[in-house]
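Only one structure is covered here, and it is reproduced in the block below.
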């Protein structure tokens with residue numbers, strides 16, 4: 002079925018891009034260091050106190066996970082991905098900055 006195939010291809014492209022960003026999110030703090038300041042001032046939790054990888058799951062406060070889930074939901078529903086749209090073809094509007102950009 003070509004409609005199912007197109008939808009699966011579109012989903013695979015989106016998930017692949019998310020996985021690439023997640024990999025960079027894991028690698029970048031190891032190379033460049035962590036942000037200064039507090040992740041949760043009310044809990045006294047600094048960015049430097051949060052480990053990389055799966056160990057971070059238990060350190061991030063519940064409100065932080067709520068924000069992450071809310072943003073993921075926003076990304077899923079904020080764009081029309083129906084057949085014939087740019088998003089259906091894999092173009093989600095993500096533009097890489099290059100030296101030729103103004």
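Residue numbers (the numbering used here): 2 to 103.
Where is the CB? At the ideal position from N, CA and C, for every residue including glycine.
| task | Assign residue 51 to one of two classes, buried (16 or more other C-beta atoms within 10 Å of its C-beta) or exposed (fewer than that). | result | Here residue 51 is taken as the residue at index 50 of the chain shown, counted from 1. Note on residue 51: 16 or more other CB atoms within 10 angstroms of its CB, so buried under the neighbour-count rule.
| Can you name the residues that DSSP bridges to residue 55? | Mapped onto the chain shown, residue 55 falls at position 54. As computed with DSSP, residue 55 is found in no beta bridge at all.
| In whole angstroms, what is the alpha-carbon distance linking residue 48 and residue 32? | Your numbering for residue 48 matches position 47 in the chain shown. Your numbering for residue 32 matches position 31 in the chain shown. Residue 48 and residue 32 have their C-alpha atoms spaced approximately 15 Å apart.
| said: Which runs of the beta strand (DSSP E) at least 3 residues long sit entirely within the region 36-87? Give them in chain order. | reply: The region 36-87 contains these whole beta strand (DSSP E) runs: 39-41.
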